[in-house]
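Just below is one structure, and these are the notes that go with it.
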Amino acid sequence: MEKKNITKEFEKIYQKTYYQILKYIICKCHHLEDVNDLVQDSYVELYKRMQKQNNNIENVEAYLIGIVNNLMKKYYEKENKITVYPFIEEKEENVIDWKIDLERDIVTKENVVQVWKYLKNKDITIAKIFYLHYTMDMKIIDISKALEIGESNVKNYLYRTLKELKNVFGKEGDDIGEKF
């Protein structure tokens, strides 16, 4: 198959599977810092394999999940990774674009990095729940199924952590930077 056709087919597959693959990686990864790299590496590997196999891949979603699983296995054999903050992009003049829209009295543009650091210091399950709920707009029941934990556990993690965030980052006039 022609490279042009493979590229078009790849773009269709990417658009169709991106949300599902992102959710899968978030639920299965060991460190949220690795999510962006794993997503990118998975699709690069898929594209390479589509070129080698002349785009003759049956059940692309299952094939892609297999690629993700293999990459994760290799990825976590090398645990010496540099920590970065995923899902946060610094833009011009240090304006941060973070998709999570928690309650407006908790998160402001000035403290979003501190909130993310705070969440990352919690159990990884909590960070995953927050990302899936607030960024990917998943319902609590869907998060429960994806993470294979009880719905009441998801609610407890979510609401207890929200309460903590209100206490730590509430508009009390405290300097947030001093808390970290």
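Per the numbering used here: the sequence shown ends with 198, consecutive numbering throughout. Note that the Cβ used here is the ideal one computed from N, Cα and C, for glycine as well.
Problem set entry | Assumed close pair Ile44, Val78 - CB separation to whole angstroms, cut-off 8 Å | Residue mapping note: residue 44 aligns to position 26 of the sequence shown, counting from 1. Residue mapping note: residue 78 aligns to position 60 of the sequence shown, counting from 1. Ile44 to Val78, Cβ: 20 Å. No contact.
Problem set entry | Per-residue DSSP class, three states only, for Tyr65 | Position 47 of the sequence shown, counted from the start, is the residue given in the question as residue 65. Helix.
Exercise. By Cβ distance, which residues of its chain are closer than 8 Å to Ile142, with the 5 residues on each side in sequence left out?
Worked result: Position 124 of the sequence shown, counted from the first residue, corresponds to residue 142. Excluding residues within five positions, the ones whose Cβ falls inside 8 Å are His48, His49, Leu50.
Exercise. What did DSSP end up calling Ile167 once you bin it into helix, strand or coil?
Worked result: By one-based count along the sequence shown, residue 167 stands at place 149. Here Ile167 sits in coil by DSSP.
For this session: Measure the C-alpha to C-alpha separation of Ile5 and Ser170 and round it to an integer number of angstroms.
Result: Only positions 19 to 198 of the chain appear in this structure, which leaves residue 5 out of reach.
For this session: Return the residue from the list Lys146, Tyr65, Gly168 that minimises the CA-CA distance to Leu40.
Result: Residue mapping note: residue 40 aligns to position 22 of the sequence shown, counting from 1. The shortest C-alpha separation from Leu40 is found at Lys146.
Exercise. Does the beta-carbon of Asp155 have 16 or more other beta-carbons within 10 angstroms, so that it is buried, or is it exposed?
Worked result: Counting from one through the sequence shown, the residue named residue 155 turns up at place 137. Burial call: exposed.
For this session: Spatial neighbours of Leu137 within its chain, please: CB distance less than 7 Å, with the 5 preceding and 5 following residues excluded, ordered by chain position.
Result: Here residue 137 corresponds to residue number 119 of the sequence shown, with the count starting at 1. Hits under 7 Å: Ile144, Ala145, Phe148.
For this session: With distances taken Cα to Cα, identify the nearest neighbour of Asn23 among Leu150, Leu64, Met68.
Result: Within the sequence shown, residue 23 is the residue found at index 5, counting from 1. Ranked by how close their Cα comes to the Cα of Asn23, the residues Leu150, Leu64, Met68 have Met68 in first place.
For this session: Would you kindly work out how many angstroms separate the C-alpha atoms of Leu180 and Tyr65, rounded to a whole number?
Result: For this step, residue 180 is matched to residue 162 along the sequence shown. For this step, residue 65 is matched to residue 47 along the sequence shown. Looking at the two C-alpha atoms, the distance is approximately 40 Å.
Problem set entry | Collapsed DSSP secondary structure at Gln71 in the structure displayed | Counting from 1 along the sequence shown, the entry for residue 71 is found at position 53. Gln71 falls in the coil class under three-state DSSP.
Problem set entry | Neighbour-count burial assignment, Tyr175, 16 or more Cβ in a 10 Å radius | Taking the first residue of the sequence shown as position 1, residue 175 is located at position 157. Buried, since its Cβ has 16 or more Cβ neighbours within 10 Å.
Problem set entry | Straight-line gap, Asn129 to Glu166 (C-alpha atoms, nearest Å) | For the purposes of this step, residue 129 is taken as residue 111 along the sequence shown, with counting starting at 1. For the purposes of this step, residue 166 is taken as residue 148 along the sequence shown, with counting starting at 1. In this structure, the CA atom of Asn129 is about 31 Å from the CA atom of Glu166.
Problem set entry | Boundaries of the alpha helix (DSSP H) in which Gly188 is found, first to last residue | Translated into positions along the sequence shown, residue 188 becomes position 170. It is not in any alpha helix (DSSP H) - Gly188 carries neither H nor E in the DSSP assignment.
Exercise. What first and last residue would you give for the alpha helix (DSSP H) that runs through Lys8?
Worked result: Lying outside 19 to 198, the shown extent of the chain, residue 8 is not represented and no answer is given.
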